[in-house]
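In what follows, a single structure is set out as structure tokens and then discussed.
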Amino acid sequence: GPVVPAFEEAVASKVGARHGVALNSATSALHVACIALGLGAGDWLWTSPITFVASANCGLYCGAKVDFVDIDPSTGLMCVRALEIKLELAQRRGTLPSVVVPVHLTGSSCDMAAIGCLAKRYGFSVVEDASHAIGGRYQEEAVGNCRHSDITVFSFHPVKIITTGEGGLATTNDPVLAQRMTELRSHGIVREANRFERPSSGVWVYEQQQLGFNYRITDIQAALGLSQLNRLDKIVTERNVQLETYRELLSELPVKLLVIPEGVLSSVHLAVIRLLKASRAKHRRVFEGLRAAGIGVQLHYIPVHLQPFYRKLGFNEGEFPNAEHYAISSLSLPLFPGLKRLEQRQVVQALKLLINDHD
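Positions in the sequence shown are counted from 1; adding 3 to them yields the working numbering.
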């Protein structure tokens with residue numbers, strides 16, 4: 004139907020990219036992005052260990068090997084210096100990545116100019132996992148314009164900044180990548196007669212030219228996305244106001260909100276705090292105490308390399324120390340459109356009581 008391309012064009016225009024390709028999830032978008040970039044067996048994909056597992060799994064779907072780059076503990080984002088050091092070592096070993104997936108955790112952009120410079124120096128492609136970050140800005144430009152990357156992926160899962168019920172979208176400035184992703188989302192089928200490999204005639208003819216997937220989004224979902232897109236700026240503004248309220252209310256507690264880097268407007272998908280002088284026991288007590296008080300805190304995220312599946316691939320504790328310390332000290336506080344200042348006060352008061360009881 005006509006609404007999917009209208010949604011794709013609206014999102015691409017909103018973020019300043021030339022092309023948008025809508026899919027049924029951000030995971031699907033990451034998958035087809037990697038295939039479109041030629042990722043395959045024998046290649047490496049690197050991403051952050053502090054992310055949802057899909058940022059890493061997309062490499063495994065393609066038969067590639069996966070590794071991680073430790074985070075900056077103040078921001079939770081991929082550490083550019085750690086990336087640079089790892090690239091220098093990988094170049095000597097002959098194990099440079101084909102694709103790097105920086106993750107815009109909580110809605111704050113990674114330092115994409117620096118990562119883009121490293122991509123040119125070492126010859127890897129960049130896929131921005133901006134699942135949290137639609138509506139955010141980096142260096143006064145919208146996240147998703149792909150100025151420093153090949154492809155950017157957004158999520159429209161129900162809990163994200165805006166939603167299509169479930170869905171994702173990839174932006175790119177490369178028409179070839181856009182065409183590949185468009186075909187991959189629909190079984191690898193081509194419908195333009197001038198592109199057929201075998202001469203045919205008739206309007207009902209199509210060709211499958213590669214192995215693709217049923218990753219299509221529906222017109223109904225795209226229509227919801229279009230209506231949500233009209234509210235995006237208002238939603239991001241409200242989330243930033245709520246984050247500043249938390250910053251004010253938490254100022255006297257032994258916790259720190261993640262730092263938003265200079266030159267970044269976060270879309271504030273999450274309000275992540277880190278407990279100072281944290282331990283596993285303290286972290287668990289505070290987490291469970293807030294849940295018991297009816298406050299739906301969450302951990303974003305357990306480091307991917309410590310998940311049982313990835314341990315079976317050979318990853319162990321101690322490999323990414325900043326990510327591992329993050330995991331025993333961080334909590335995501337409630338933050339959503341309509342959250343009232345009084346409710347934020349209640350969250351902070353419950354947190355204060357738990358910290359005082361155990362310090």
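Note that the Cβ used here is the ideal one computed from N, Cα and C, for glycine as well.
Just so we're clear, the structure is a prediction, and the values are computed from it rather than from any experiment.
Of the choices the options, whose alpha-carbon is the least far from that of residue i?
i, options, result
"G321", "H308, K315 and S333", "H308"
"Q213", "I223, A225 and R194", "R194"
"H160", "A225, A117, H151 and A9", "A225"
"T109", "A284, N319, E11 and Q301", "Q301"
"Q349", "N176, G41, Y249 and P178", "Y249"
"H272", "V14, S112, C37 and I88", "S112"
"R234", "A353, V14, K123 and N148", "V14"
"R120", "E87, H107, R96 and A93", "The sequence given here has Cys at residue 120, not Arg. Cα-wise, what sits closest to C120 is E87."
"L246", "A122, A116 and L338", "L338"
"A295", "A145, A353 and H107", "A353"
"A93", "I118, H107 and W47", "W47"
"Y125", "L227, R21 and G97", "G97"
"G266", "G292, A145, Y209 and I298", "A145"
"D177", "I154, H328 and I238", "I154"
"D75", "E327, G292 and V244", "E327"
"E11", "F318, G228, G45 and R201", "G228"
"S254", "V6, R344, K355 and L342", "K355"
"I298", "L342, L316, R95 and K123", "L342"
According to DSSP, which residues form a beta bridge with residue i?
i, result
"Q301", "S335"
"S211", "Reading off the sequence, residue 211 comes out as Gln, not Ser. In DSSP, Q211 forms a bridge with I192."
"R140", "A145 and L268"
"L86", "None, per the DSSP bridge assignment."
"F71", "T50"
"L293", "Paired residue(s): none; L293 is not in a bridge."
"S158", "G171"
"S128", "V102"
"R277", "K259 and S333"
"V24", "A173"
"M81", "I74"
"N217", "S189"
For residue i and residue j, what's the separation of their Cα atoms in angstroms?
i, j, result
"L180", "H190", "16 Å"
"V351", "L252", "7 Å"
"H135", "A39", "22 Å"
"L256", "Q347", "14 Å"
"C270", "G138", "For clarity, residue 270 is Ser in the given sequence; the question names Cys instead. Spanning the two alpha carbons is a distance of roughly 6 Å."
"S77", "A85", "14 Å"
"E241", "S230", "18 Å"
"V206", "E143", "46 Å"
"I358", "I276", "13 Å"
"G43", "C37", "8 Å"
"R21", "G147", "10 Å"
"V289", "I223", "41 Å"
"C61", "D360", "43 Å"
"F199", "A9", "26 Å"
"V83", "A196", "46 Å"
"N243", "H107", "16 Å"
"W49", "P324", "17 Å"
"T185", "A117", "29 Å"
"R201", "S16", "36 Å"
"Q182", "F312", "33 Å"
"R140", "C149", "12 Å"
"T175", "L90", "25 Å"
"A173", "P340", "25 Å"
"G215", "L232", "29 Å"
"G292", "V258", "16 Å"
"F318", "R344", "42 Å"
"V6", "G41", "29 Å"
Tell me whether residue i counts as near the ligand MG, meaning its Cβ is closer than 7 Å to at least one heavy atom of that ligand.
i, result
"H328", "The ligand MG is absent from the structure shown, which contains no ligand whatsoever."
Taking 8 Å as the threshold (C-beta atoms), are residue j and residue i in contact?
i, j, result
"H303", "S335", "yes"
"T54", "D132", "yes"
"D73", "P264", "no"
"A274", "S332", "no"
"L33", "S51", "no"
"L187", "V18", "no"
"F127", "V103", "yes"
"P105", "M81", "yes"
"G168", "F157", "no"
"Q310", "V56", "yes"
"I305", "A284", "no"
"H151", "V130", "no"
"G261", "G79", "According to the sequence shown, residue 261 is Leu rather than Gly. Taking 8 Å as the Cβ cut-off, L261 and G79 qualify as a contacting pair."
"I192", "E210", "yes"
Are the C-beta atoms of residue i and some chain B residue less than 8 Å apart?
i, result
"P257", "Within the model displayed, chain B is absent; a lone protein chain is all it includes."
Checklist entry - Counting Cβ pairs, one atom from each stretch, are 3 or more of them under 8 Å apart for the segment 23-34 and the segment 215-230? => result Yes, the segment 23-34 touches the segment 215-230.
Item to check | Inter-stretch contact at 8 Å, needing at least 3 Cβ pairs: the segment 162-180 / the segment 56-72 | outcome: Two segments are said to touch when three or more pairs of C-beta atoms, one from each, lie closer than 8 Å; by this definition the segment 162-180 does not touch the segment 56-72.
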